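Visitor: Before we start, here is the structure in question, set down as structure tokens.
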Amino acid sequence: MSGTFDHHRIGPLPPFLAAPSSEAVTRVRMPTGDHMWLITDYAVGRAALADTRLSRAAATHPEAPKWGSVDLSPNSIMSLDGADHARLRRVAAAAFTSARVTAQAAVIEEAAGALLDQLQAAGPGADLVSGYASPLPMAALSALLGVPAADRPVFDAAVTALFDMTPQGIRRRGRHILTLIQYMSSLIERKRDAPEQDLLSALVQVEQSGEMSRTELINLGLALLMAGYETTAHQLSLAIVELLTGDALAGQSVEDTVEELLRTTPSTPISFPRVAVEDLVLGGTTVRRGEAVIVSLLHCNHDAEVFGASGAKSDARRPAHLTFGHGAHRCMGAPLVLLQMKIALTRLWQRFPGLRLAPGDEALVWREGLATRGVSRLVVEW
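In our numbering, the protein residues as written are 41 to 422.
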């Protein structure tokens, strides 16, 4: 069963996640007023994430229970099941090679060094969110997709606006998505005319072979963008908070703590909803056809029966955490996230070994969200 965790270090959670429960599966009310089944037990959650009777595609239907005002496109790779999902994942994986990920190390190292130079020049009192945790994944993502340097200001502004979760930002979300679709379409055409050694050029070649449509290519590019920027930026900032406020570094190098940081403080606290396509039993609870299920990755990662009591150190013999998901929809970009975090955290502490949270209540400002956790401000000294 899920363990307890320090909410002062975890930050604010939606009411349905914050309420304590001793049950593996609990019926909860979402912000929309719809009800879903919330799984907080590791074994039950892991099994549910791989259960083909729970459909991501069905969750995008208009009549399906909703968790928020914004949902994924039904054409996104993250919203597909079965053969269509397997086909797109196969072609994406063929382009998203380990060699391409490894090649990103130099890009990340260079970007991290430049950002740390700027922070050092600015002096103590710098905000690590705007000065490091957010721009670093953006630089890596731009290089991975092959966004030209001249396009970076427009691309960065559009992506940043897309993830503006203020009421005004949410109202403008459709406009930002349209801007990115138009940009992605034009970039695809440029890659078609003049291919380079980047991921998007490789995916364009796959599209030209007939293995996926142009619409699927655009949606895949947008999915990589959403998964590669927001969650990584928040994950990095959350890891820094944990290192500054906890004892995660006790007796270990920064690099060795990354997997444990991913487990204890995931930027994605819950899975995307899945809808049952037939009646089934999860953890002793009957889920009827048409009902929705979400897995609390945060609670599952803190399951005391699996990972030990709160604060227990990492043990390689333990099962894998669920931060990257499990089953057919497990995050393809996990190796890149690990690479970014290892480089970013190691270089940060090498540059500023005395790094500490600045005094005052405004030094650490949590970001409230449903699908992602993070901080909007993290002021430090050294």
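Quick reminder that beta carbons are idealized off the backbone N, C-alpha and C, glycines included. Please read all numbers here as calculations on a predicted model, not as lab measurements.
Between the stretch 253-261 and the stretch 223-236, do three or more beta carbon pairs fall short of 8 Å?
Guide: yes
Visitor: Leaving out the 5 sequence neighbours to the left and right, which residues in its chain are closer than 6 Å to A384 when beta-carbon positions are compared?
Guide: Here residue 384 refers to the residue found at position 344 of the sequence shown. These residues qualify, in order along the chain: A152, L176, L276.
Visitor: Taking Cβ to Cβ, would you say C340 is nearer than 8 Å to T80?
Guide: Here residue 340 corresponds to residue number 300 of the sequence shown, with the count starting at 1. Here residue 80 corresponds to residue number 40 of the sequence shown, with the count starting at 1. Closer than 8 Å, so yes.
Visitor: If we ignore side chains and look at the alpha-carbon of each, how far apart do G85 and T325 end up?
Guide: Locating residue 85 in the sequence shown gives position 45, counting from the first residue. Locating residue 325 in the sequence shown gives position 285, counting from the first residue. When rounded, the separation of the alpha-carbon atoms in G85 and T325 is 13 Å.
Visitor: Spell out the partners DSSP gives T66 in its beta bridges.
Guide: Residue mapping note: residue 66 aligns to position 26 of the sequence shown, counting from 1. Paired residue(s): L78.
Visitor: Closest by CA to L155, which one among P60, V199, S170?
Guide: Counting from 1 along the sequence shown, the entry for residue 155 is found at position 115. Of P60, V199, S170, the residue nearest in Cα terms is S170.
Visitor: L322 by DSSP, collapsed to three states: which one?
Guide: Start at 1 with the first residue of the sequence shown, and residue 322 comes out as number 282. For L322, the secondary structure class from DSSP, reduced to helix, strand or coil, is strand.
Visitor: Thinking C-beta only, is Q144 closer than 8 Å to A99?
Guide: Residue numbering aside, residue 99 sits at position 59 when the sequence shown is read from its first letter. Residue numbering aside, residue 144 sits at position 104 when the sequence shown is read from its first letter. The answer is no: Cβ separation not under 8 Å.
Visitor: May I have the straight-line CA-CA distance separating S182 from L159, to the nearest angstrom?
Guide: Along the sequence shown, one-based indexing puts residue 182 at 142. Along the sequence shown, one-based indexing puts residue 159 at 119. Their Cα atoms are separated by approximately 21 Å.
Visitor: By the 10 Å Cβ neighbour count, where 16 or more other Cβ atoms means buried, how is G165 classified, buried or exposed?
Guide: As a working note, residue 165 is residue 125 in the sequence shown. G165 is exposed by the Cβ-count criterion.
Visitor: DSSP beta-bridge partners for E421?
Guide: Locating residue 421 in the sequence shown gives position 381, counting from the first residue. Answer by DSSP bridge pairing, in chain order: R396.
Visitor: Measuring CB to CB, does I117 end up less than 8 Å from A332?
Guide: As a working mapping, residue 117 is identified with position 77 in the sequence shown. As a working mapping, residue 332 is identified with position 292 in the sequence shown. Going by C-beta atoms, I117 is not nearer than 8 Å to A332.
Visitor: Assuming H125 contacts A411 under a Cβ cut-off of 8 Å, what Cβ separation, rounded to an integer in Å, is found between them?
Guide: The sequence position of residue 125 within the sequence shown is 85, counting from 1. The sequence position of residue 411 within the sequence shown is 371, counting from 1. Going by Cβ atoms, the distance from H125 to A411 rounds to 20 Å, so no, they are not a contact pair.
Visitor: In the DSSP assignment, find the alpha helix (DSSP H) that holds I280 and state where it starts and stops.
Guide: In the sequence shown, residue 280 corresponds to position 240, counting from 1. Counting along the chain, the alpha helix (DSSP H) containing I280 begins and ends at 254-285.
Visitor: Should A242 be labelled buried (16 or more other beta-carbon atoms within 10 Å of its own) or exposed?
Guide: The residue you call residue 242 lines up with position 202 of the sequence shown. Result: buried.
Visitor: Quick check: the stretch 375-390 against the stretch 134-144, are at least 3 beta-carbon pairs closer than 8 Å?
Guide: yes
Visitor: With DSSP as the reference, please indicate the residues paired to W406 in a beta bridge.
Guide: Residue mapping note: residue 406 aligns to position 366 of the sequence shown, counting from 1. W406 is bridged to V415.
Visitor: With V335 as the anchor, note down where its beta strand (DSSP E) starts and where it stops.
Guide: As a first step, residue 335 is located in the sequence shown; it is residue number 295 there, counting from the start. Start and end: 332-335.
Visitor: Among the candidates V244, H342, L265, whose CA atom is the shortest distance from the CA of A360?
Guide: Translated into the one-based positions of the sequence shown, residue 360 becomes position 320. Of the candidates V244, H342, L265, the one whose C-alpha sits nearest the C-alpha of A360 is H342.
Visitor: Among residues of its own chain, excluding the 5 on either side of P188, which ones have a beta-carbon nearer than 6 Å to its beta-carbon?
Guide: Residue numbering aside, residue 188 sits at position 148 when the sequence shown is read from its first letter. If the five residues before and after P188 are omitted, its C-beta is found closer than 6 Å to no C-beta atom of its own chain.
Visitor: Mapping DSSP to helix, strand and coil, what is A360?
Guide: In the sequence shown, the residue the question calls residue 360 occupies position 320. Note: A360 maps to coil in three-state DSSP.
Visitor: Could you spell out where the alpha helix (DSSP H) holding V244 opens and where it closes?
Guide: Indexing the sequence shown from 1 puts residue 244 at position 204. Segment 239-248, the alpha helix (DSSP H) holding V244.
Visitor: Taking DSSP's pairing of strands, which residues face L94 in a bridge?
Guide: Position 54 of the sequence shown, counting from 1, holds the residue named residue 94. Beta-bridge pairing links L94 to A316.
Visitor: State the start and end residues of the unbroken alpha helix (DSSP H) segment that holds E149.
Guide: Within the sequence shown, numbered from 1, the residue matching residue 149 stands at position 109. Per DSSP, E149 belongs to the alpha helix (DSSP H) from 138-162.
Visitor: Among the candidates R192, H216, V199, E236, whose CA atom is the shortest distance from the CA of A267?
Guide: Here residue 267 refers to the residue found at position 227 of the sequence shown. Comparing Cα positions, the closest option is V199.
Visitor: State the DSSP-derived secondary structure class of M191, mapped to helix, strand or coil.
Guide: Working through the sequence shown from its first residue, we reach residue 191 at position 151. Inspection of the sequence shows that residue 191 is occupied by Asp rather than by Met. D191 falls in the helix class under three-state DSSP.
Visitor: Would H274 be called buried (16 or more neighbouring beta carbons within 10 Å of its own) or exposed?
Guide: In the sequence shown, the residue the question calls residue 274 occupies position 234. The residue in question, H274, is buried, as its Cβ has 16 or more Cβ neighbours within 10 Å.
Visitor: Helix, strand or coil for D167 per DSSP?
Guide: Numbered from 1 along the sequence shown, position 127 holds the residue referred to as residue 167. Strand.
Visitor: Does D121 come out as helix, strand or coil in the three-state DSSP assignment?
Guide: The sequence position of residue 121 within the sequence shown is 81, counting from 1. Correct three-state label for D121: coil.
Visitor: Compute the Euclidean distance between the alpha carbons of T285 and A88, then round it to the nearest angstrom.
Guide: Counting from one through the sequence shown, the residue named residue 285 turns up at place 245. Counting from one through the sequence shown, the residue named residue 88 turns up at place 48. Here the alpha carbon of T285 sits roughly 33 Å from the alpha carbon of A88.
Visitor: What do you reckon, are the CB atoms on T272 and T308 nearer than 8 Å?
Guide: Residue numbering aside, residue 272 sits at position 232 when the sequence shown is read from its first letter. Residue numbering aside, residue 308 sits at position 268 when the sequence shown is read from its first letter. Their beta carbons are not under 8 Å apart, which means T272 does not touch T308 by this criterion.
Visitor: Buried or exposed: where does S62 fall if 16 or more other Cβ atoms within 10 Å of its Cβ makes it buried?
Guide: Along the sequence shown, one-based indexing puts residue 62 at 22. When all chains shown are included, S62 counts as exposed.
Visitor: What three-state label does DSSP hand V327 in the structure shown?
Guide: Along the sequence shown, one-based indexing puts residue 327 at 287. The answer is strand: DSSP assigns V327 an E or B state.
Visitor: Compute the distance between the beta-carbons of L418 and V281, then report whether it is under 8 Å.
Guide: If you number the sequence shown from 1, residue 418 lands on position 378. If you number the sequence shown from 1, residue 281 lands on position 241. Closer than 8 Å, so yes.
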